[in-house]
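Peer 1: My questions will all concern the structure given below.
Number of protein chains: 4
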Amino acid sequence: MAVRAAVAGASGYAGGEVLRMLLGHPEVEIGAVTGHSNAGQRLGSLQPHLLPLADREVAPTSAEVLAGHDVVFLALPHGQSAAVAEELGPDVLVVDCGADFRLRDAADWEAFYGSPHAGSWPYGLPELPGARAALQGTRRIAVPGCYPTAVSLALFPAYTARLAEPEAVIVAASGTSGAGKSAKPHLLGSEVMGSMSPYGVGGGHRHTPEMIQSLSAVAGERVGVSFTPTLAPMPRGILATCTAKARPGVDAAAVRDAYEKAFADEPFVTLLPEGQWPATAAVYGANTAQIQVTLDPAAGRIIAICAIDNLAKGTAGGAVQSMNLALGLPETTGLPLVGVAP
Amino acid sequence: MAVRAAVAGASGYAGGEVLRMLLGHPEVEIGAVTGHSNAGQRLGSLQPHLLPLADREVAPTSAEVLAGHDVVFLALPHGQSAAVAEELGPDVLVVDCGADFRLRDAADWEAFYGSPHAGSWPYGLPELPGARAALQGTRRIAVPGCYPTAVSLALFPAYTARLAEPEAVIVAASGTSGAGKSAKPHLLGSEVMGSMSPYGVGGGHRHTPEMIQSLSAVAGERVGVSFTPTLAPMPRGILATCTAKARPGVDAAAVRDAYEKAFADEPFVTLLPEGQWPATAAVYGANTAQIQVTLDPAAGRIIAICAIDNLAKGTAGGAVQSMNLALGLPETTGLPLVGVAP
Amino acid sequence: MAVRAAVAGASGYAGGEVLRMLLGHPEVEIGAVTGHSNAGQRLGSLQPHLLPLADREVAPTSAEVLAGHDVVFLALPHGQSAAVAEELGPDVLVVDCGADFRLRDAADWEAFYGSPHAGSWPYGLPELPGARAALQGTRRIAVPGCYPTAVSLALFPAYTARLAEPEAVIVAASGTSGAGKSAKPHLLGSEVMGSMSPYGVGGGHRHTPEMIQSLSAVAGERVGVSFTPTLAPMPRGILATCTAKARPGVDAAAVRDAYEKAFADEPFVTLLPEGQWPATAAVYGANTAQIQVTLDPAAGRIIAICAIDNLAKGTAGGAVQSMNLALGLPETTGLPLVGVAP
Amino acid sequence: MAVRAAVAGASGYAGGEVLRMLLGHPEVEIGAVTGHSNAGQRLGSLQPHLLPLADREVAPTSAEVLAGHDVVFLALPHGQSAAVAEELGPDVLVVDCGADFRLRDAADWEAFYGSPHAGSWPYGLPELPGARAALQGTRRIAVPGCYPTAVSLALFPAYTARLAEPEAVIVAASGTSGAGKSAKPHLLGSEVMGSMSPYGVGGGHRHTPEMIQSLSAVAGERVGVSFTPTLAPMPRGILATCTAKARPGVDAAAVRDAYEKAFADEPFVTLLPEGQWPATAAVYGANTAQIQVTLDPAAGRIIAICAIDNLAKGTAGGAVQSMNLALGLPETTGLPLVGVAP
């Protein structure tokens, strides 16, 4: 019997990508698709790439509309997920693509989001040590931020294997869809094409505490993070360049070995052969991550680079992967392994 | 029992896209992947987005390697398909993504390609009147050119319904993958980003006689074509703007009606609701075409616009769609209906 | 003594480009820079590329602020120029980058703009026959639309030399800056990168009557125009593909000859050597137009293609060129002949 | 009397940009333009944006052709500059845009370039402490690499003011023109559009020792550098994100103060107002650098970000700026302060 899924926030980029993933999922039947300002419109005019759903009408986001589904994906603005989840009841699987339930520390949440902490849910990055167990059978999932997905995948093997000092320096480039679909002047095509620019510099980006949380958990000590995100002239994709000082005595073979072990059995994460480096084009549209790592002997630093599609593995693909685990389906069910390139 | 398929020219853009389509096809098992200058290399280094094939080695293109498959896709330079097809024998389904067998008129072939005519095979654009019948059960398929796919879909209803004068004026923009993967200075990213430029202007593009052939066949009279292709700063996609003078007495309702009838039952071609226009982003990676048509009352012209993905519906998707027909499989088997956007 | 110039609408793309041009003009001193919603802001935060003006504050657009300048450039929304011009008085040179005074026919204006006709001013496309005489000494200039600039340059020689039938079919691609700086969802970088799409199809684009006006004037008869604009994934540039049926007996030599004569003495318009085609990259940032023309013998059509920078020759450069004529300065003073490429 | 300048390597990106800069220089007359494989061609077909030089023929690069100029710009492959310079004699100003004379340490040169060290010339980054004095009157200039230009500008104030620990972590994104004009598959538009990818990771990029040299010189001690370059989908521009641990006791005010002092009198380098961050679009085509700096209090790191145009300030603009100093001209003569945006 099919899993019946609803998507709240279906007209945005995250919601559209969840629908794209669900359309490829053999066990899922798409129920309600809801929105706020776009309620009443034909989905085909808002998401013209989702051909099989073109004639669906966007319903208003409400408890009535979302009731009666096995899974509800929330792609809502920050702060709205708790109320919706409560109304849906404990038996419905609620997958929150927003930030509300990612951080375990209330002080972190308040410092970065400026509102009361709603709590924390199992974290939907199955590749992290211990994450799968927490996701199996859960009815609440906090989908990670796109940057923390890329960064955590790139760096956790260095910390689980105790190869790196607990201070990471990270610079990541993201496609513009990461900034969402609301029209803001600095996100106009005229502004972003041909331009690279940083934002949220100096520790202020809201994904920073999430990275610290995940890396500290695997390291067993607090890992400091200097994180600089940049906006790149492409619609999708994150390339995260993550570096940390190697602990004394660590050599290239140890680094390679730790990363090979970490990803040997992962269906969606590839440690590339030595000499080949990730490119975001290779993961375009796929629920995959490509990783490469090296040790810079002169600088004494480990450099791990991860490419993901911010909307796919970075949001909607990761969400569906976690849903599979929660529902007891094979983890890879319905998820694209193949990117669209060139 | 699975259909076993080989792909010759697997390291290029067309070959890579055929592989991407076949990876999503539930009835196909991918056999040999072959190349010329890249023989011996790991496919993962040439097509890093094709994750499940990463460890395959590119074999040399030869009759031995290609033997023993049910279907062989040829993505080879012009002039090489006939010899390969002959060696494969009449029982193997040969799907030629090149131009060799597209034109029925030997004089046209020689005028535009400058070499002896190899003949013509059933034309792999199932949506054209009569095409499906010719494709069912065939063992030879000539996959249309990418521009003729977009242009024929956009204009054939105007000619079958006798709405348009037999002179079409077409301007189309193509993404750069249409020019292939060989490194030429004018195709460098530095040259194409931020720039639009025409090429093959004045009737010289090799896809022109192919458009004339298809449109004339449906019109029952020779249709003249003025075709101007342009190179657009994007990796994929064709937007074909196709216009023709309306015959006397033709009104907007007749145009709309003809197009609605033409595409009512087509699984891959969408006539958009009035007021919505195609965008190449909406068909990115999908085997779909989006079409809109209008009548400009002041200019007295029908304007039909079609967006396709040049590599998907324009090449590899169309090839697999035709393969399905040839093999007696449901026509839509394994083909993506959903684009990757934004 | 320097010409003192004000720019109203300085925070938009047209206004910013006028300022860029004026910064390179040896006879101009930049006075007031005004805006509406951005009044009070530092220009450096709105137009960070205009380094020498970074510390200027945007003043509110008002008669007081604009008074006391020799030239006032208006880059305002439609319908606002007449009132401003009246307040400035007849001795001030008013250069209107908007549409208000482009059309001579009131019925055309009302049909396409839906508001009362304000009148018409000398048309700022000096290369058109008779245009320079009308611009010399004038105190009012209507800067042409960007598409009509490209199209008129591409086609007028065919009509002055009576080579073409009076029905033109035009498809043009424009960079996104042509759509302005107000934030609309379909202009987001995420939407436009990687995508081509048409708009205003079927005769509805407001630049259509302007093309008809200019081409009909040089042809001495009404020239019908089928015009389809498309949005291309680049910030700047227009590539206009303009075709018209050749009159009986017209041959390639006659076409070449007419175009060579038309542009022989033009400082900003280049007829490229035969075989070389325009690219928008080659005119990026320059007040230049590149044109190529050919006769398609099979289709019997003249195909003239013009590349301009929509903001430079298509708006601000053309505006300053016309200002030079109005003020009795050498026409080329201060205008860039060199593009920025790659 | 005009300075007569020749450009060797005129058909490449660096050579083309030198010509663009020289065309705007009021004291320079452009003499010979030379090339290797393109000798004999019309410059208009190779560099169609350089309109005033369109009819120049590319001469072969030889001592005879380059003789008789006051200045010779070399934009040649590595290893060819020494021989040319020697033939030109000591009185000709030779400006080498290549790497041959950038490194003072022969061992560094040999380790990174694998050929014998040719020596070192005054380093053409006038903003570095002491650099102007070395450039005044010189007849030999080594133009810095594009990445070292951005990185040195971003970080030297932190080291002159002893604010930062001597270990810098740098991630930079570059437009594709930095990779030159030779056609390589990974630089095709199809490959780079929509994709970010790293290269030269782990300390291997040849610009690394150049950064170490400059930063160590101002720091008075060896500064280690971890440098990761990435290729961004844009034709021009470098965004360098440069971080280093703050020394104990350093606060935000001290950082701001040091950067304000460092750039207070620089005509081409702007420290942006607090809260505004650099974007490569703002320096497109200009000989300018935009810099912002902050202290991340949680991570304890100084983060300095610099945007330049790799071809302008990063190569040709810096070259002409240094030429001005060498010839005793005002340093800013003929150099663009205004970028082309959007």
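Protein chains in written order, with numbering that gives the first Met the number 0: chain A, 0 to 341; chain B, 0 to 341; chain C, 0 to 341; chain D, 0 to 341. Here a beta-carbon is modelled for each residue, glycine too, at the ideal position from N, C-alpha and C. It should be emphasised that the depicted structure is a prediction, and the values quoted were computed from it without experimental measurement.
Do A245 of chain B and I301 of chain B count as a contact pair if the criterion is CB distance below 7 Å?
Peer 2: Residue mapping note: residue 301 of chain B aligns to position 302 of the second sequence, counting from 1. Residue mapping note: residue 245 of chain B aligns to position 246 of the second sequence, counting from 1. Yes, Cβ-Cβ distance for I301 of chain B and A245 of chain B is below 7 Å.
Peer 1: Can you tell me which of C:K312, C:A306, C:E26 and C:S36 puts its alpha carbon nearest to the alpha carbon of D69 of chain C?
Peer 2: Here residue 69 of chain C corresponds to residue number 70 of the third sequence, with the count starting at 1. D69 of chain C has its Cα closest to that of C:E26, out of C:K312, C:A306, C:E26 and C:S36.
Peer 1: Give the straight-line distance between the Cα atoms of Y258 of chain D and G327 of chain A, rounded to the nearest whole angstrom.
Peer 2: On the fourth sequence, residue 258 of chain D is found 259 positions in, with the first residue counted as 1. On the first sequence, residue 327 of chain A is found 328 positions in, with the first residue counted as 1. If I take the Cα positions, the gap works out to 57 Å.
Peer 1: Do we get a CB-CB distance below 7 Å when we pair T279 of chain C with the residues of chain B?
Peer 2: Here residue 279 of chain C refers to the residue found at position 280 when the third sequence is read from its first residue. Answer yes: the Cβ-Cβ gap between T279 of chain C and chain B drops below 7 Å somewhere.
Peer 1: Pull up the distance between the alpha-carbon of H204 of chain B and that of G177 of chain A, whole angstroms please.
Peer 2: Indexing the second sequence from 1 puts residue 204 of chain B at position 205. Indexing the first sequence from 1 puts residue 177 of chain A at position 178. Their Cα atoms are separated by approximately 40 Å.
Peer 1: Over what stretch of residues does the alpha helix (DSSP H) that includes E16 of chain A continue unbroken?
Peer 2: Working through the first sequence from its first residue, we reach residue 16 of chain A at position 17. First-last of the alpha helix (DSSP H) with E16 of chain A: Y12 to L22.
Peer 1: Thinking E160 of chain A and A303 of chain A are a contact (beta carbons under 8 Å), I'd like their distance in whole angstroms, please.
Peer 2: By 1-based counting over the first sequence, the position of residue 160 of chain A is 161. By 1-based counting over the first sequence, the position of residue 303 of chain A is 304. Note on identity: in this sequence residue 160 of chain A is Ala, with Glu being the wrong assignment. That pair is no contact at about 12 Å.
Peer 1: Nearest to A84 of chain A by alpha carbon, out of A:V150, A:H35, A:E63 and A:G316?
Peer 2: By one-based count along the first sequence, residue 84 of chain A stands at place 85. Comparing Cα positions, the closest option is A:E63.
Peer 1: Using a Cβ-Cβ cut-off of 7 Å (strictly less than) and excluding sequence neighbours within five positions of D295 of chain A, which residues of its own chain qualify?
Peer 2: Residue 295 of chain A sits at position 296 when you count from the first residue of the first sequence. Contacts found: I302.
Peer 1: Can you list, in chain order, the stretches of the beta strand (DSSP E) that have 3 or more residues and sit fully within the region 229–266 of chain B?
Peer 2: Whole beta strand (DSSP E) segments, 3+ residues: 237–245.
Peer 1: Verify the CB distance criterion: does H185 of chain A have a CB-CB separation below 7 Å to chain B?
Peer 2: By one-based count along the first sequence, residue 185 of chain A stands at place 186. Judged by the 7 Å Cβ criterion, H185 of chain A is not in contact with chain B.
Peer 1: Kindly say whether S196 of chain C, judged by its beta-carbon, lies nearer than 7 Å to any beta-carbon of chain B.
Peer 2: Position 197 of the third sequence, counted from the first residue, corresponds to residue 196 of chain C. Judged by the 7 Å Cβ criterion, S196 of chain C is in contact with chain B.
Peer 1: Bridge partners of V109 of chain A, per DSSP?
Peer 2: To locate residue 109 of chain A, count along the first sequence from 1; it is residue 110. At residue 109 of chain A the sequence reads Glu, which differs from the Val that was named. E109 of chain A pairs with nothing; no bridge assigned.
Peer 1: Starting from G34 of chain A, follow the beta strand (DSSP E) in both directions and report where the run begins and ends.
Peer 2: As a first step, residue 34 of chain A is located in the first sequence; it is residue number 35 there, counting from the start. Start and end: V27 to G34.
Peer 1: Less than 7 Å between the beta carbons of A298 of chain B and S225 of chain C, yes or no?
Peer 2: Within the second sequence, residue 298 of chain B is the residue found at index 299, counting from 1. Within the third sequence, residue 225 of chain C is the residue found at index 226, counting from 1. Yes, they are a contact pair.
Peer 1: Quick test of your reading: V282 of chain B and D264 of chain B, contact by CB under 8 Å. State the CB separation rounded to the nearest angstrom.
Peer 2: On the second sequence, residue 282 of chain B is found 283 positions in, with the first residue counted as 1. On the second sequence, residue 264 of chain B is found 265 positions in, with the first residue counted as 1. Going by Cβ atoms, the distance from V282 of chain B to D264 of chain B rounds to 19 Å, so no, they are not a contact pair.
Peer 1: Per the contact definition of three or more C-beta pairs closer than 8 Å, is the region 131–147 of chain C in contact with the region 314–333 of chain C?
Peer 2: A contact exists between the region 314–333 of chain C and the region 131–147 of chain C.
Peer 1: Select from the region 248–260 of chain B all residues with a C-beta closer than 8 Å to any C-beta belonging to chain C, and list them in chain order.
Peer 2: Going along the region 248–260 of chain B in chain order, one finds no residue with a Cβ nearer than 8 Å to chain C.
Peer 1: What first and last residue would you give for the alpha helix (DSSP H) that runs through E126 of chain B?
Peer 2: Here residue 126 of chain B corresponds to residue number 127 of the second sequence, with the count starting at 1. Element bounds for E126 of chain B: n/a, residue is neither H nor E.
Peer 1: Per the DSSP calculation, C96 of chain C is bridged to which residue(s)?
Peer 2: For the purposes of this step, residue 96 of chain C is taken as the residue at position 97 of the third sequence. The partner list for C96 of chain C (beta bridge, DSSP) is empty, contrary to what the question assumes.
Peer 1: What's the gap between the Cα of V17 of chain B and the Cα of L310 of chain B?
Peer 2: Locating residue 17 of chain B in the second sequence gives position 18, counting from the first residue. Locating residue 310 of chain B in the second sequence gives position 311, counting from the first residue. Going from the Cα of V17 of chain B to the Cα of L310 of chain B covers about 9 Å.
Peer 1: Taking A7 of chain A and T33 of chain A to be in contact with their CB atoms under 8 Å, please state how far apart those CB atoms are, rounded to whole angstroms.
Peer 2: As a position in the first sequence, residue 7 of chain A is number 8, starting the count at 1. As a position in the first sequence, residue 33 of chain A is number 34, starting the count at 1. Right, the Cβ-Cβ distance comes to about 5 Å (below 8 Å), so this counts as a contact.
Peer 1: Alpha carbon to alpha carbon, how far is P197 of chain B from L50 of chain D?
Peer 2: Against the second sequence, residue 197 of chain B aligns to sequence position 198. Against the fourth sequence, residue 50 of chain D aligns to sequence position 51. Cα-Cα distance, rounded: 19 Å.
Peer 1: Between G344 of chain D and the rest of its own chain, which residues show a CB-CB distance below 7 Å, the 5 nearest in sequence each way excluded?
Peer 2: Residue 344 of chain D lies beyond the range of chain D shown here (0 to 341); nothing can be said about it.
Peer 1: Indicate the three-state DSSP secondary structure (helix, strand or coil) for V224 of chain D in the structure shown.
Peer 2: Numbered from its first residue, the fourth sequence carries residue 224 of chain D at position 225. Residue state, collapsed to three classes: strand.
Peer 1: Check Q289 of chain C in the structure and name its three-state DSSP category.
Peer 2: Locating residue 289 of chain C in the third sequence gives position 290, where the first residue counts as 1. Three-state result, Q289 of chain C: strand.
Peer 1: Are the beta-carbon atoms belonging to S114 of chain D and G78 of chain D less than 7 Å from one another?
Peer 2: Translated into positions along the fourth sequence, residue 114 of chain D becomes position 115. Translated into positions along the fourth sequence, residue 78 of chain D becomes position 79. Cβ distance < 7 Å, so S114 of chain D and G78 of chain D count as in contact.
Peer 1: Measuring CB atoms only, is the region 238–255 of chain D touching the region 183–201 of chain D, in the sense that at least three cross pairs come out at less than 8 Å?
Peer 2: Contact between the region 238–255 of chain D and the region 183–201 of chain D is absent, because fewer than three Cβ pairs lie under 8 Å.
Peer 1: Give a yes or no on whether the C-beta atoms belonging to A117 of chain A and A81 of chain A are separated by under 7 Å.
Peer 2: Your numbering for residue 117 of chain A matches position 118 in the first sequence. Your numbering for residue 81 of chain A matches position 82 in the first sequence. Against a cut-off of 7 Å, the Cβ pair of A81 of chain A and A117 of chain A comes out as a contact.
Peer 1: Shorter than 6 Å, the distance from the beta carbon of A1 of chain A to the closest heavy atom of the ligand FMN, or not?
Peer 2: This structure lacks the ligand FMN, and indeed carries no ligand of any kind.
Peer 1: Taking DSSP as the reference, what is the three-state secondary structure of V71 of chain A?
Peer 2: Position 72 of the first sequence, counting from 1, holds the residue named residue 71 of chain A. Three-state DSSP puts V71 of chain A in a strand.
Peer 1: Hey, does E190 of chain C have any beta-carbon neighbour from chain B nearer than 7 Å?
Peer 2: Start at 1 with the first residue of the third sequence, and residue 190 of chain C comes out as number 191. Closer than 7 Å: yes.
Peer 1: Is the CB-CB distance between Q320 of chain C and P59 of chain C below 7 Å?
Peer 2: For the purposes of this step, residue 320 of chain C is taken as residue 321 along the third sequence, with counting starting at 1. For the purposes of this step, residue 59 of chain C is taken as residue 60 along the third sequence, with counting starting at 1. Cβ atoms of Q320 of chain C and P59 of chain C: not closer than 7 Å.
Peer 1: Reducing DSSP to helix, strand and coil, say where E209 of chain C ends up.
Peer 2: Reading the third sequence from its first residue, position 210 is the one you call residue 209 of chain C. Note: E209 of chain C maps to helix in three-state DSSP.
Peer 1: Compare the C-beta of Q212 of chain A with all C-beta atoms of chain B and state if any pair is closer than 7 Å.
Peer 2: Along the first sequence, one-based indexing puts residue 212 of chain A at 213. No, no contact with chain B.
Peer 1: So what does DSSP say about A182 of chain B, is it helix, strand or coil?
Peer 2: Working through the second sequence from its first residue, we reach residue 182 of chain B at position 183. Coil.
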